[in-house]
Every structure is written in structure tokens, then in C-alpha cells.
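This report refers to the structure that appears directly beneath it.
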Amino acid sequence: MEPLTAWEAVDTLNDTSEVHIPSDPLARVIGQEEAIELARLAARQRRHLLLVGPPGTGKSMIAQALALHLPAPRHEVRVVHNPENPERPMAEVLAEDVVLSETESRASAAGELIDPADAPANVSQKLGYRCGQCGGLSAPSERTCPQCNNSKLEIDRSNNPFGDLLGGMLESAMSVMPQTPVGKEKVTTTRMRRGKEEVVVFERAGDRIRVLDQKSLEKRRELEMTSNRKVIVPLKRNPFVMATGASETELLGDVRHDPYGGHQGLGTPPYERVVAGAVHEAHEGVLFIDEISHLGQTQRYILSAMQEKYFPITGHNPQSAGASVRVDSVPCDFILVAACNIQDLENILSPLRSRISGGGYELLMDTAMPDNDANRSKYLQFIAQEIQMDGRIPHAGIDTVKGLVKEGRRRARDWDDHSNHLTLRLREMGGLIRAAGDQAAKDGSGLIEPEHLERALRRARSVEDQIRDRYGSYMKGLSKDVSESQKEKSPYYMQNQHIGDQMFN
Ligand SMILES: Nc1ncnc2c1ncn2[C@@H]1O[C@H](COP(=O)(O)OP(=O)(O)OP(=O)(O)O)[C@@H](O)[C@H]1O
Ligand SMILES: [Mg+2]
């Protein structure tokens with residue numbers, strides 16, 4: 012563990028730019044010791060987590076940090092064309108070394124690019140780079156040699172099945188198609204290598220010539236044989252996949268609609284229309300689902316994906332040609348980190364909860380931590396972090412830090428009934444720091460000073476508080492602002508009335 016900047020030393024600092032910020036993303040989470048410990052455990056042992064608690068206490072932050080503690084993904088997932096039954100493409104899982112060596116061979120199959128001047132003269136001439144008359148070089152798109160002004164169309168007639176008979180006609184036909192480049196796309200020749208004759212192919216590649224030797228040609232042929240597949244989960248990917256408010260298709264994958272789906276040879280083949288869902292993209296990583304209860308019945312699929320570690324991909328639109336396509340056994344071995352607030356707990360599917368607690372941990376987030384020197388050090392780190400992350404506001408002076416600690420104490424007491432605590436509703440604290448920073452920036456101040464914090468605190472009051480100040484009560488403000496007829500038309504009229512009475516009077 013990296014050392015904290017001790018609170019005892021706070022007065023020796025000039026401002027928060029001198030505060031040590033740890034590089035480990037989990038060490039940047041303030042408070043929530045138990046959650047941090049469980050996250051480390053979950054990363055090591057591949058366990059699921061359910062984080063319950065109010066907004067802005069670090070649930071997303073912990074899920075993300077957990078993913079960064081996992082080893083990098085080691086497999087790639089592809090779907091392969093199934094010639095027997097195109098509507099049942101097959102999933103293929105490739106290990107890292109196979110994927111990497113394929114990338115390498117793809118690079119070598121690309122051959123070597125050379126300057127037309129370095130190619131054998133007869134080759135560059137056949138490809139349309141070299142003038143047959145003067146030997147000058149120019150792009151194949153130039154039909155007249157810029158050096159000698161002769162037509163470069165004097166090309167290899169032997170390749171023309173009609174020989175000289177139609178040669179002239181072809182040339183005049185080509186001359187009225189100015190875009191057509193001179194010469195051939197590729198030339199195949201042979202050369203001697205280590206006493207053996209081997210095939211070499213020269214191809215046009217813009218203003219260069221591509222040389223493919225025997226080895227690259229073999230590689231290319233090999234790749235063509237394996238080309239009817241699509242990577243749906245690449246090896247190089249983010250191990251953190253967030254599925255907040257995701258639709259069923261985003262979560263579980265889909266087979267895209269093809270307007271020509273029913274017509275052989277017209278449409279895109281089914282395997283090319285398969286897309287992975289979040290459950291598949293999170294393979295070997297973390298699937299983070301915020302407000303999991305909002306998924307409703309879709310939670311069942313998450314449960315089944317967790318149990319099987321495989322989930323089929325099908326088209327989700329019954330009207331679409333994709334609906335008849337299915338890829339079985341697509342891997343989805345993820346760590347689930349689910350989050351929700353306390354009220355929604357009962358809306359989590361109970362088998363899903365028992366799955367999480369059976370193969371992981373459930374945890375209630377803290378809303379406050381005891382106010383002591385160790386925790387004040389953490390607050391100091393938090394303030395420095397938020398400022399660094401924002402990037403547009405100056406650092407805070409030490410008196411401002413102390414002001415923020417005081418505000419943290421006040422909020423812990425007023426919001427969560429914890430006296431002698433510091434609030435851990437840190438998103439709100441972050442907002443306050445930014446608002447104070449904006450005030451400092453407005454003044455052109457090099458530091459956030461206590462006066463900026465004070466102004467921000469005044470600004471940070473909720474609109475309800477502001478209305479109460481101005482009109483005496485929230486309901487009075489409401490009646491001032493809304494005419495009687497408007498009130499009754501508002502679809503929220505009854506509800507607002509009720510909530511207003513309960514909460515604000
Ligand atoms: N425990 C914490 N330590 C450090 N920073 C925090 C912590 N909690 C919240 N923050 C700050 O607040 C921001 C929002 O936190 P986060 O998104 O993790 O909250 P959350 O619990 O996921 O909230 P929600 O329920 O609204 O999704 C973070 O990006 C970070 O800047
Ligand atoms: Mg969140």
C-alpha cells in the first residue's frame with residue numbers, strides 16, 4: 012500500500028498539489044474499506060459482487076477499479092460461417108498466441124512494398140508505371156508519358172486473347188475511359204532463389220508496387236481459406252463493460268436485420284450480422300450492471316449466462332431475418348458487479364441474488380466514516396484527486412481543505428445522522444469542490460480559497476431550498492409559479508401535491 016499524506020503534516024503543505032495520489036485505482040477509493048477488500052478478493056478469486064447503497068458513494072468506481080486488477084483477456088471470440096447451415100454460424104474461441112501469430116502472418120501476407128524504379132523494367136512497364144518508349148516513370152493513371160508525350164498504352168499484347176486483331180480497338184476503347192489505368196493489376200514472374208525457381212507476384216499498390224514472394228502467397232492463400240469468420244470479441248478489449256440501462260440486445264447480443272436476408276447471394280451472410288452482447292464482451296472481465304433491478308425479467312438471462320458461462324446469440328426482432336439465426340456456445344465468463352440502491356433491493360430476482368451471494372459477496376456501502384486523522388488524510392487525498400481529475404480548476408489551499416472537512420462533517424450529520432463522521436456521499440462533495448474551483452477560476456485565483464468555497468456553498472443549495480427562502484415554503488412557491496389551470500393539467504399534479512406536502516412543509 013502506498014503511504015497517505017498524513018493529516019498531522021497538513022499544515023506543512025502549501026496546497027493540494029503536494030498531496031500524494033496513489034496509482035492503484037482501488038487505493039483511490041475513499042472509505043468503503045470492506046468493499047475495497049472484497050473487490051481485491053473478487054479480482055483474485057473471480058467472485059461476483061452486489062454493491063448496495065446510495066448514489067455517489069463509489070460503486071461504479073470500485074467496479075471499474077476491480078476490472079483493472081484482472082489479468083488482460085487471453086482469448087478472442089469469432090463466429091465462423093457454417094457451410095452446412097449458414098443460419099447456425101459457429102462460435103470459435105482462439106487463444107492469445109494463435110491470434111498474435113495470425114496477426115503476424117497477415118502482416119507477412121501483405122508482402123513488401125517497393126518503389127517502381129526498383130522493380131524489374133519489364134514488370135514496371137506491364138503494371139503501367141514505366142513508359143515503353145523512353146523508360147520514364149509515371150503513375151499508371153497517366154496514359155500519356157509525361158516525359159516523352161507518347162502513349163503508354165503500348166502494353167503487353169500477348170496477354171490479349173485476340174492478339175493484334177483487337178488490340179487497336181481495345182486501345183481506342185480505353186482511351187475514351189480516362190479513369191482506367193494503363194497496364195495490368197498484377198504480373199506473375201519467376202525468379203531464382205537459392206538455386207530454386209520460385210514464383211513472385213508484383214501488384215499495383217498506389218504509387219508503389221507490392222512484391223509477394225512464395226511465402227507471402229502461401230500465407231495469403233491460407234488466410235483466404237479462413238476468411239469467412241467475424242471477430243465479435245477482440246483479444247485487445249476493455250475488461251470493464253458497463254451495461255447500465257442496456258436493452259436486451261445490447262446485453263445479450265443480436266443478429267442484425269438484413270433487408271435481403273431471404274435471398275441467396277444478395278444479402279450479407281448471417282455470420283457477418285452477428286453482434287456480441289455486453290455479457291460476451293465482458294468475457295474474462297467485469298460486467299457492471301448499475302440499477303440491476305431495472306432490468307426486470309431480463310435478469311433471468313443474466314443469471315443463466317452466469318451459470319452456464321455461455322450464452323447463445325440470436326436475433327431479437329421476430330420480424331427480422333436475423334430471428335432465425337442462432338450461434339450457440341458463445342462464451343461469457345465474466346465477474347458480475349451489480350449495483351442498486353436500498354429501495355430496489357427487493358426487485359432483484361431472488362435466484363440471481365442467491366447466485367451472487369453463493370459465488371461472491373453482497374455489501375452495503377457506507378455513507379459516512381468516523382472523523383479521525385486517518386480519515387481526514389483520505390479526505391485530503393480525495394480533494395486532490397477530484398481537482399486533478401477535473402483538470403480545469405486550480406488546487407485548493409489548506410484552509411479550504413479544512414473548510415471541506417467541516418462541510419463533510421456537517422453533511423454526515425444532517426444527511427445521515429452521523430455525528431463526528433465525514434460524509435462518503437462523495438459525488439456531491441466532488442460537485443462542491445468543482446463549484447468552488449469554478450469560483451476561483453472566475454476570479455483568476457491560483458488556488459481555491461475559503462471564500463470560493465463559501466460562494467460555492469451558497470450556490471450549491473437545492474432549488475427547493477432556494478424556493479423556501481424566497482417564498483417561505485415550497486408549496487407557496489409552487490402556487491406562485493403555477494396558475495390554477497396549469498396545476499390541474501399537469502400529469503404530476505396529484506403526485507407533486509402529495510410529495511410537496513410530505514417533504515417540504
Ligand atoms: N468512495 C469514493 N472514493 C473516492 N471518490 C468517490 C467515492 N465515491 C464517489 N466518488 C467520486 O464520485 C464520483 C461518482 O462515484 P460513483 O460513480 O462511483 O458513484 P456510484 O456509487 O456508482 O453512484 P450511482 O449509484 O449514482 O451510480 C466518482 O467518480 C468519484 O469522483
Ligand atoms: Mg454509478
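Take 12 as the starting number for the sequence shown in the working numbering and just add one per residue. Cβ coordinates follow ideal geometry from the N, Cα and C atoms, glycine included.
1) In chain order, what residues of the same chain have a beta carbon less than 8 Å from the beta carbon of D512, not counting five sequence neighbours either side?
2) Out of E357, R403 and D26, which has the shortest C-alpha to C-alpha gap to D449?
3) Using 10 angstroms around the beta-carbon of K226, count the other beta-carbons present and answer buried if the total reaches 16, otherwise exposed.
4) Could you spell out the range, first to last residue, of the alpha helix (DSSP H) harbouring E259?
5) Using 8 Å as the cut-off, can you tell me whether the segment 348-360 makes contact with the segment 389-407, which would need three or more C-beta pairs spanning the two stretches below that distance?
6) Looking only at DSSP bridge pairs, what is F251 linked to?
7) Grab the span of the beta strand (DSSP E) containing T434 for me, first residue to last.
8) Let's see if you can read the secondary structure: which residues bound the alpha helix (DSSP H) around Y271?
9) Going by the CB atoms, is the gap between K197 and E214 shorter than 8 Å?
10) Check whether the Cβ of E44 sits closer than 7 Å to any heavy atom of ligand 1, and report yes or no.
11) Using a Cβ-Cβ cutoff of less than 6 Å, which residues in the same chain neighbour I166 once the five nearest sequence positions on both sides are dropped?
12) What is the DSSP secondary structure of T27, counted as helix, strand or coil?
13) Would P342 count as contacting chain C if we go by Cβ distances under 8 Å?
14) By how many angstroms is the C-alpha of D425 removed from the C-alpha of L443?
15) Would you say the beta carbon of K241 comes nearer than 7 Å to a heavy atom of ligand 2?
16) Round the Cβ separation of L363 and R219 to the nearest angstrom and send it over; I've been treating them as touching at under 8 Å.
17) Considering only the alpha carbon of each residue, which of Y321, G264 and L228 lies closest to A121?
18) For A407, does the three-state DSSP call read helix, strand or coil?
19) Beta carbon of W18, beta carbon of D428: below 8 Å?
20) In or out: C142 buried (at least 16 other Cβ within 10 Å) or exposed?
21) At the level of alpha carbons, what is the spacing between E29 and A446?
22) Verify whether the separation of the beta carbon atoms of I359 and S304 is less than 8 Å.
23) Below 8 Å CB to CB, which residues in the same chain sit around V412 once its five sequence neighbours on both sides are set aside?
24) I think A74 touches F299, with their Cβ atoms under 8 Å apart; what is that distance to the nearest whole Å?
25) Given 7 Å as the limit, tell me if A385 has its C-beta closer than that to any heavy atom belonging to ligand 1.
26) List the endpoints of the continuous beta strand (DSSP E) containing G372.
27) Ordered along the chain, which non-local residues of its own chain (more than five positions away) have a Cβ less than 7 Å from that of S430?
28) When DSSP labels each residue in this structure, what does A17 get in the three-state scheme?
29) Below 7 Å, is the gap between the Cβ of S71 and the nearest heavy atom of ligand 2?
30) Scan the segment 185-235 and note each continuous beta strand (DSSP E) run of 3 residues or more that stays entirely inside, going in chain order.
31) Taking DSSP as the reference, what is the three-state secondary structure of H509?
32) For C156, count the other beta carbons within 10 Å of its own beta carbon; 16 or more makes it buried, fewer makes it exposed. Which is it?
33) I want to know whether the segment 330-349 touches the segment 256-272 - three or more CB-CB distances under 8 Å.
34) In angstroms, rounded to a whole number, what distance separates the CA positions of E48 and V110?
35) Taking the alpha-carbon positions, what's the L437 to G455 distance?
With the given structure in hand:
1) With a pLDDT of only 42 at D512, under the threshold of 50, the placement of this residue in the model should not be trusted, and no figure is reported.
2) R403
3) exposed
4) E259 to L263
5) no
6) V297
7) H432 to T434
8) Segment: none, Y271 is in no alpha helix (DSSP H) and carries neither H nor E.
9) yes
10) no
11) The predicted position of I166 is uncertain, since its pLDDT is 47 and thus under 50; a value taken from the coordinates is nonetheless stated next. Closer than 6 Å at the Cβ level, and outside the excluded window around I166, lie G194.
12) helix
13) Reference to chain C is not applicable here, since this structure consists of a single protein chain.
14) 16 Å
15) no
16) Actually they do not touch by this definition, with Cβ atoms about 57 Å apart.
17) L228
18) strand
19) no
20) buried
21) 21 Å
22) yes
23) V21, T27, Y390, L391 and I394
24) 4 Å
25) no
26) Reading off the sequence shown, one finds Tyr at residue 372, where the question assumed Gly. It spans G371 to L375 - the beta strand (DSSP E) in which Y372 sits, taken as one unbroken run.
27) R424
28) coil
29) yes
30) 197-204, 207-216 and 219-223
31) Any answer about H509 is weak, because its pLDDT of 46 lies below 50 and its placement is not dependable; what the coordinates show is given next. Reduced to three states, the DSSP call for H509 is helix.
32) buried
33) yes
34) 35 Å
35) 26 Å
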